[in-house]
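Residue numbers (full-length UniProt numbering): 1 to 150.
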């Protein structure tokens, strides 16, 4: 599995105007629901928030990678949002978040393996400041894909 195989422009949104973490997560989960990655937005969100309670998903540099394994995932996927302004979020560097990468992975053994693979792939890319800079300044979904292609 490669990042370019998992990215779907239909589950990306640039120029988001969410004011809160909850608004941002619901907007991105809505994209996953509309594109048949998840079956139940409320139950999926409950699983995401259960993971959020365990530890912060804001990794710093204005990026968050909320995730959690869920029985309500039909197909592994990722929703990516670029918000216009900083959203309050629990982060490693105490800054808010502008880039949100929401993972949808199943709760079975394959889901657990894919969960770790996704986290690893995205963490490697997001460890590069140039990738983060391009991502946060993405105005189109094509820009998001290009940021991760580098």
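Beta carbons: idealized from backbone N, C-alpha and C, even for Gly.
Quantities reported herein were computed from a predicted structural model and do not represent experimental measurements.
Span separating the alpha-carbon of residue i from that of residue j
i           : j          : result
residue 88  : residue 17 : 13 Å
residue 128 : residue 3  : 15 Å
residue 77  : residue 34 : 12 Å
residue 26  : residue 52 : 14 Å
Spatial neighbours of residue i in its chain, beta-carbon cut-off 8 Å, leaving aside the 5 residues before and after
i          : result
residue 75 : 36, 37, 104
Residues near residue i in its chain [Cβ-Cβ closer than 7 Å; skip 5 each side]
i          : result
residue 24 : 16, 18, 81, 83, 87, 100
Other residues of its chain near residue i: CB distance less than 6 Å, five sequence neighbours each side excluded
i          : result
residue 57 : 64, 65, 66
residue 72 : 38, 39, 40, 43, 44
residue 10 : 35
Residue i, enclosing beta strand (DSSP E) - first and last residue
i          : result
residue 82 : 77 to 87
Residue i, DSSP secondary structure in three states
i          : result
residue 18 : coil
residue 30 : helix
residue 11 : helix
residue 65 : coil
residue 70 : strand
Check: residue i C-beta below 7 Å from any heavy atom of the ligand ZN
i          : result
residue 72 : This structure lacks the ligand ZN; in fact it carries no ligand of any kind.
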